[in-house]
Amino acid sequence: MSILVTSPIGPILFLDGVREGRLSLSALFIAARGYVPPPIILGDAEVHAMALAEYDHAIAWRARFSLPADRTSAYAWDGVSYEVAGDLTGDIRLAYVSCNGEEIADMEREGSERNAMWARLRESYQAKPFALMLHGGDQVYADEITLGHRLSHDWPDRKPDDPSPPELADLRHHLREGFFARYAAIYSTPELAWLAARAPSLMQWDDHDICDGWGSLHHSLTESQVGQTVFSVARESFLIFQQAAREGDLPFRFADRSGRHLGWGISAPGLRILAPDLRSERTRDQIMGTGGWAMMTAEALRKMEGHTLLMSSVPLLGPRLSLLEALMAVIPRMQKYEDDLRDQWQSRAHREEWQRMLKLVIQIGQRDGHQLTAISGEIHLAARAVMDLGHGLHLNQLVASGIAHRAPPKAWARFLGALASLGEQPLPEHPIRINTVPGQSERYTAERNYLLLERSSGTWSARWDLETSGMTKSLALY
């Protein structure tokens, strides 16, 4: 896929962090070579963009600036004023989205169909602005960018033997241009572009931001020269287009500024948002590595009042998938779905690691004066789960997926609901229940959707906007 940028794309706002009562922001622009973006205007001050990355026919630019974190404010660019509802101190509203695309022919879909839920989210913002937009993974579906190059066209089904350095360099160029084209196409969609210029984004990645099942594929594929080239380019593209950053230049919210893992956290009055990286250190045998666990252990020990939103790109709470894995192992035609199940915390391959994470979650959730909610995407369904934390406390998990990916068959949602009816208890005395989304009769809702999170007078609640059923009633989070 190729794309020519005929008019500038942007600004696309990202939150670099919150410090000393201000929002540290980055604005991303994508423009044809020869075009230099006008400066960001902040009153009498001007902030000029720097070139972040170059491509065959375009350049990605970035401007960093700050706005107050205790009130609504504005910035101007190219003669347009953009209002930012950046007050994080009192009543606030956040949006959560995931799965912005599909595996096959996503860019060929008709725009109003593909972006119907983005249009709904834009209308919701126009009625009542939200301060931040949280993206829980699969912001792009990069599965098809490997097509069209000799080394990667059939990868991962076929692994080329000993490609030469020039061949790998050519592959890298092919992949960089493919990622660029995909991001540029998505950020130029009017529904997302309007929102992204006004609501700062916070993003974590999942497998389709790299390739389907990254980390759950066999080691021989991910560690091959082609596999490592795919990952390297995907990672560079993630930093540029989802963080407005590059190597050695990560925003201060990242736990490891060297980038060995890409987990991050931000803190505002009464609110912490944590997004561990479930892909950079992932293998078939582990979800997080040394860096990711160090981040989560440190956050579990950190004193915090208010509410923590834990972004887990794959659902932290779910049904007993080990039963489904055992079934697939003996049915040959179902074995192609093994990687999809191995991606999940509930996979039998990750049982001990899942228990370790849940123990940290319990430690956070039991802290006096503190509450915890997990939010996830990935499964292309709307869902809700609850885990008993003990002492009368519990953890809510809210799943919102996908904003653009079409829902799977309702029969699949019912099957997952039946599996969930068996119950799951990976930790003694801490059972997990899959409950219904407000107003729904089934445990899993097969409709495109997004999530709204609201704090009013210190109390948090959530609502799903479901494509067919509409906006749900509020669910209190406590």
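For the sequence shown, position 131 matches number 1186 in this note's numbering, and the numbering has no gaps at all. Where a beta carbon is used, it is the ideal one built from N, C-alpha and C, also for glycine.
Please name the residue or residues paired with Y1137 in a DSSP beta bridge. Y1130
Proximity of I1497 and A1437 at Cβ, strictly below 8 Å: The sequence shown places Glu at residue 1497, not Ile. Cβ atoms of E1497 and A1437: not closer than 8 Å.
To the nearest angstrom, how far is it from the Cα of F1084 to the Cα of P1220? 32 Å
CB W1519 to CB A1455, shorter than 8 Å? yes
Could you check where the alpha helix (DSSP H) with S1363 kicks off and where it finishes? Rather than Ser, the amino acid found at residue 1363 in this sequence is Thr. Where T1363 is concerned, there is no enclosing alpha helix (DSSP H), although the beta strand (DSSP E) it sits in stretches over G1361 to M1366.
What residue does the alpha helix (DSSP H) around A1239 start on, and which one ends it? P1220 to Y1242
Give the single residue among M1359, A1468 and M1351 whose Cα lies nearest to the Cα of L1413. M1351
When we look at the beta-carbon of T1363 and count the other beta-carbons within 10 Å, is it buried (16 or more) or exposed? buried
Three-way DSSP call (helix, strand, coil) for P1123 in this model: strand
Return yes when the C-beta of A1251 is under 7 Å from any heavy atom of the ligand FMN, and no when it is not. This structure does not include the ligand FMN; it has no bound ligands of any sort.
Applying the 10 Å Cβ sphere with the 16-neighbour rule, what's the burial state of R1213? exposed
Taking the alpha-carbon positions, what's the L1365 to A1330 distance? 6 Å
Expected contact under 8 Å - CB spacing of I1342 and W1400 to nearest Å: 7 Å
Which residues mark the beginning and the end of the alpha helix (DSSP H) in which W1467 is found? K1465 to A1475
So, under 8 Å CB-CB, A1115 and I1295 are touching, yes? Tell me the CB distance rounded to an integer number of Å. 6 Å
Euclidean distance between Cα positions of D1262 and V1135: 36 Å
Which parts of the segment 1435-1511 are runs of the beta strand (DSSP E), unbroken and 3 residues or longer, counting only runs that do not cross its ends? 1437-1445, 1448-1454, 1487-1490 and 1504-1511
According to DSSP, F1084 sits in a beta bridge with which residue or residues? W1116
By the three-class DSSP mapping on this structure, what secondary structure does A1252 have? coil
One question on the structure: do R1397 and R1334 come within less than 8 Å of each other, judged by their Cβ atoms? no
Decide if E1336 is buried, meaning its Cβ has at least 16 other Cβ atoms within 10 Å, or exposed. buried
If I'm right that L1247 touches Y1180 with Cβ under 8 Å, what's the distance once you round it to whole angstroms? In fact, because the Cβ distance is near 12 Å, the residues do not count as touching under 8 Å.
Candidates W1319, T1201 and G1525, of which the one nearest G1072 by Cα: W1319
Does DSSP put Q1399 in a helix, a strand or coil? coil
Less than 8 Å between the C-beta atoms of V1102 and A1124, yes or no? no
Have a look at H1460, N1490 and I1458 and flag the residue whose alpha-carbon is nearest the alpha-carbon of A1473. N1490
Cβ contact check for the segment 1293-1308 and the segment 1479-1490: 3 or more pairs under 8 Å: no
Would you check if the segment 1507-1523 and the segment 1164-1180 touch, i.e. whether three or more CB-CB distances between them fall below 8 Å? yes
Using CA coordinates, which residue listed in A1082, L1230, P1184 and E1158 is at the minimum distance from A1150? P1184
With the cut-off set at 8 Å, would you say G1233 and V1195 are in Cβ contact? no
Pick from R1308, L1276, V1369 and G1447 that is closest to D1217, judged by C-alpha positions: L1276
Within 8 Å, strictly: CB atoms of L1080 and S1128: no
Across which residues does DSSP place H1190 in a beta bridge pair? V1152 and M1258
Segment contact, 8 Å Cβ cut-off, at least three pairs: the segment 1443-1463 with the segment 1280-1288: no
Check for me: the beta strand (DSSP E) holding G1072 runs from which residue to which? I1064 to R1074
Go ahead and pull the three-state DSSP assignment for M1389. Because the pLDDT of M1389 is 46, which lies under 50, any placement of that residue in the model is unreliable, and the question is left without a value.
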